[in-house]
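Just so we're aligned, residue 5 is where the sequence shown starts under the working numbering, counting upward by one. First the structure, in the form of structure tokens, and then the observations on it.
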Amino acid sequence: HCYSPFMYERLGEMVRKNPYDVVVSEYSMVAQYLYRNPDLEGMKRVMSVHECYYLARRKAFKVQGLSREGLSALFNLKGLKKFEFGMYADADRVLTLTPEGRDELLAIRPDLKISVVPHGVDVDYFRPSGKEAKEEAVMFLGNYPHDPNRDAVIYFRDRIWPLIKERVPEARFYVVGKDPTPELEELGRKDPSIVVTGTVEDVRPFFEKSKLFVNPVRIGGGFRGKVLEAMAMGMPIVSTSLGAEGVSAVSGEDMLIADDPRDFAAAVVRLMENDSMCERLGERARSLAVERFSWEKGVEELEGVLDEVVGG
Numbered sequence: 005h006c007y008s009p010f011m012y013e014r015l016g017e018m019v020r021k022n023p024y025d026v027v028v029s030e031y032s033m034v035a036q037y038l039y040r041n042p043d044l045e046g047m048k049r050v051m052s053v054h055e056c057y058y059l060a061r062r063k064a065f066k067v068q069g070l071s072r073e074g075l076s077a078l079f080n081l082k083g084l085k086k087f088e089f090g091m092y093a094d095a096d097r098v099l100t101l102t103p104e105g106r107d108e109l110l111a112i113r114p115d116l117k118i119s120v121v122p123h124g125v126d127v128d129y130f131r132p133s134g135k136e137a138k139e140e141a142v143m144f145l146g147n148y149p150h151d152p153n154r155d156a157v158i159y160f161r162d163r164i165w166p167l168i169k170e171r172v173p174e175a176r177f178y179v180v181g182k183d184p185t186p187e188l189e190e191l192g193r194k195d196p197s198i199v200v201t202g203t204v205e206d207v208r209p210f211f212e213k214s215k216l217f218v219n220p221v222r223i224g225g226g227f228r229g230k231v232l233e234a235m236a237m238g239m240p241i242v243s244t245s246l247g248a249e250g251v252s253a254v255s256g257e258d259m260l261i262a263d264d265p266r267d268f269a270a271a272v273v274r275l276m277e278n279d280s281m282c283e284r285l286g287e288r289a290r291s292l293a294v295e296r297f298s299w300e301k302g303v304e305e306l307e308g309v310l311d312e313v314v315g316g
């Protein structure tokens, strides 16, 4: 449903004009144009798997079950698996953003040639100014047509937010990011403590005024760039274990990790009532982002992999 003959032809035109050593695709939707493409003969093909759609749908069905969303995720799962893993096997190299993502792919196709190249963040752009006073507020950031982000907000509102409000009645929840669905916009209209911002030019002011960042992601895969942005902004973070994949964070030292709704709510309340812990976790998160996830480090790792692919 997302195939474009024009895109296929355009790629052919580009490589005929400029014979490249290697062509890199981002996401499976783009990787399909590299798959068995005769115009790329003699060129190395690298497919970066931000999110394996087969695995993401399988996780969604396990979490959402026989709901409308769960059954939608289950649709055509077998065909999707065959197509995606056929592409990966045909590539000269597959890139994943996390070691966990690599291991999930290898569990299905042990013969895949995979390298891990993590996401990066602009640690100069995303940095705390310390100028704005913190509100008794938590925030989440996402692109809401993407199912995992929409599910995270609904799950947080239904299962976690009421528990937090019992302990911190004045708390606010900022739902920041692009294209909130009508369902999410309705949350803001029904509950004055929930602010659905819609698309904003600059997300940093919301990082600055929120006391902590919540990442209640339950489905999907890959690396959450929003987590790195929150870390770079020096935000204390409460996340599910799935949402923290790829960061190698230690719960209690770098962020708080909780998968049960009550444990998640308790972790949020604990931070909202403990400024010194917020400060400590925020400083540690910022240090981790600078040390491991600056864009410079990511580019260096990617260049190393591409040199290896072309040289091999």
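Cβ atoms here follow ideal geometry from the backbone N, Cα and C, with glycine treated the same way.
Next item on the list: Give the C-beta separation of Thr381 and Tyr159 to the nearest angstrom, bearing in mind that I take them to be a contact with Cβ-Cβ under 8 Å.
Entry: The requested residue 381 is not part of the displayed model; the chain covers only 5 to 316.
Note to self: Below 8 Å on the Cβ atoms is my contact criterion, and I expect Met33 with Cys56 to pass it. Report the Cβ-Cβ distance as a whole number of Å.
What the structure shows: As a working note, residue 33 is residue 29 in the sequence shown. As a working note, residue 56 is residue 52 in the sequence shown. With a Cβ gap of about 12 Å, Met33 and Cys56 do not count as contacting.
Next item on the list: For Met143, name the three-state secondary structure that DSSP assigns.
Entry: One-based indexing of the sequence shown puts residue 143 at position 139. Correct three-state label for Met143: strand.
Margin query: With a threshold of 9 Å between beta carbons, is Val28 in contact with chain D?
Written below: No chain D is present in this structure, which holds just one protein chain.
Checklist line | For Arg193, the first and last residue of its enclosing alpha helix (DSSP H) | finding: Along the sequence shown, one-based indexing puts residue 193 at 189. Counting along the chain, the alpha helix (DSSP H) containing Arg193 begins and ends at Pro186 to Lys194.
Check: What are the partner residues of Met237, as DSSP defines its beta bridges?
Finding: Indexing the sequence shown from 1 puts residue 237 at position 233. Bridge partners of Met237: none, in fact.
Check: What separation, rounded to the nearest whole angstrom, lies between the Cα atoms of Lys48 and Asn80?
Finding: Stepping through the sequence shown from its first residue, residue 48 is reached at position 44. Stepping through the sequence shown from its first residue, residue 80 is reached at position 76. Going from the Cα of Lys48 to the Cα of Asn80 covers about 30 Å.
Item checked: CB contact flag (Arg97, Val303, <9 Å) -> Sequence index remark: in the sequence shown, residue 97 carries index 93 (1-based). Sequence index remark: in the sequence shown, residue 303 carries index 299 (1-based). It is not a contact, given that the beta carbons lie outside the stated cut-off.
Notebook entry, point to check: Between the segment 112 to 124 and the segment 23 to 33, do three or more beta carbon pairs fall short of 8 Å?
Noted result: With the cut-off at 8 Å, the segment 112 to 124 and the segment 23 to 33 do not touch.
Next item on the list: Give the DSSP-derived three-state secondary structure of Ser252 in the structure shown.
Entry: Residue numbering aside, residue 252 sits at position 248 when the sequence shown is read from its first letter. If DSSP states are grouped into helix, strand and coil, Ser252 belongs with coil.
Notebook entry, point to check: So which of Glu88, Glu212, Trp165 and Met235 has the shortest CA-CA distance to Asp264?
Noted result: Translated into positions along the sequence shown, residue 264 becomes position 260. Out of Glu88, Glu212, Trp165 and Met235, Trp165 has the C-alpha closest to the C-alpha of Asp264.
Note to self: If you measure between the beta carbons of Val242 and Leu292, is that distance less than 9 Å?
What the structure shows: Indexing the sequence shown from 1 puts residue 242 at position 238. Indexing the sequence shown from 1 puts residue 292 at position 288. No; because the gap between Cβ atoms is not below 9 Å, this pair is not in contact.
Margin query: Across the segment 170 to 177 and the segment 130 to 138, are there enough close Cβ pairs to call them in contact, namely three or more that are closer than 8 Å?
Written below: no
Next item on the list: Measure the beta-carbon distance from Ala113 to Phe89 and round it to whole angstroms, keeping in mind my assumption that it falls under 8 Å.
Entry: What you label residue 113 is simply residue 109 of the sequence shown in a count that begins at 1. What you label residue 89 is simply residue 85 of the sequence shown in a count that begins at 1. Looking at the sequence shown, residue 113 is not Ala but Arg. Contact flag correct, Cβ pair sits at about 5 Å.
Next item on the list: Let me know if Asp128 comes out buried or exposed under the rule of 16 or more other beta-carbons within 10 Å of its beta-carbon.
Entry: For the purposes of this step, residue 128 is taken as residue 124 along the sequence shown, with counting starting at 1. The residue in question, Asp128, is exposed, as its Cβ has fewer than 16 Cβ neighbours within 10 Å.
Checklist line | Candidates Met235, Phe211 and Val272: closest to Ala137 by CA position | finding: Stepping through the sequence shown from its first residue, residue 137 is reached at position 133. Looking at the Cα atoms, Phe211 is the closest of the given residues.
Check: From which residue to which residue does the alpha helix (DSSP H) around Gly308 run?
Finding: On the sequence shown, residue 308 is found 304 positions in, with the first residue counted as 1. From DSSP, the alpha helix (DSSP H) with Gly308 extends over Trp299 to Gly315.
Check: For Ala253, which residues of its own chain have a beta-carbon under 6 Å away from its beta-carbon, when the five flanking residues on both sides are left out?
Finding: Taking the first residue of the sequence shown as position 1, residue 253 is located at position 249. So the qualifying residues of the chain are Met259.
Check: Terminal residues of the continuous alpha helix (DSSP H) containing Lys48?
Finding: Start at 1 with the first residue of the sequence shown, and residue 48 comes out as number 44. Not the alpha helix (DSSP H): Lys48 falls in the beta strand (DSSP E), residues Lys48 to Val53.
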